[in-house]
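In terms of mature numbering (1 follows the signal peptide of the UniProt record, and there is no 0), the sequence shown is residues -20 to -1, 1 to 74.
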Amino acid sequence: MREQLLTLLLQVIVLYFAKSAELSGLKEEELVAVPTPISSEDLWGLLLQKHPRLVALQGQVVLAVHQQYVAIGDQLVTLADGDEVAVVPPLSGG
């Protein structure tokens, strides 16, 4: 018997920091119809669809889910309705 992954669609809160806030024009937004589980790469892709200017951070940004850093890649992320996802660009020294 094969196991099937159940995909749910839910709403998450996306928090943008530093350069990601500048590029998106937002500090926070609700993202609806997000499937879960989802790879961190696909989640990043959803954000790029909404805010194409974020591509400037490609290869430099990490996401934080459940207050844990998640590199962009094929790692599966399981979200719950109302979870927060933070977009964390590289920090500038100073």
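Just so it is clear, CB atoms sit at the ideal spot from N, CA and C, and this is done for glycine as well. Being a predicted model, the structure only gives us computed values, none of them experimental.
**Q.** alpha helix (DSSP H) segment containing Gln29, residue limits
**A.** Gln29 -> alpha helix (DSSP H) spans Ser20 to Lys30.
Q. Within this structure, are the beta carbons of Leu23 and Leu43 separated by less than 8 Å?
A. By the CB criterion at 8 Å, Leu23 and Leu43 fall inside the cutoff.
Q: Below 6 Å CB to CB, which residues in the same chain sit around Lys7 once its five sequence neighbours on both sides are set aside?
A: Excluding positions up to five away in sequence, the list reads Tyr(-5) and Ala1.
**Q.** Span separating the alpha-carbon of Val65 from that of Val(-9)
**A.** In a straight line, the C-alpha of Val65 is about 7 Å away from that of Val(-9).
(Q) Pull the bridge partners of Val14 from the DSSP assignment, please. (A) Bridge partners of Val14: Leu(-11).
Q: Please check the pair Val57 and Ser20, which I expect to be a contact at CB under 8 Å, by giving their CB distance rounded to whole angstroms.
A: Confirmed, about 6 Å.
Q) With respect to the alpha helix (DSSP H) encompassing Leu3, which residues constitute its N-terminal and C-terminal limits? A) Annotation for Leu3: the continuous alpha helix (DSSP H) segment containing it runs Ala(-3) to Ser4.
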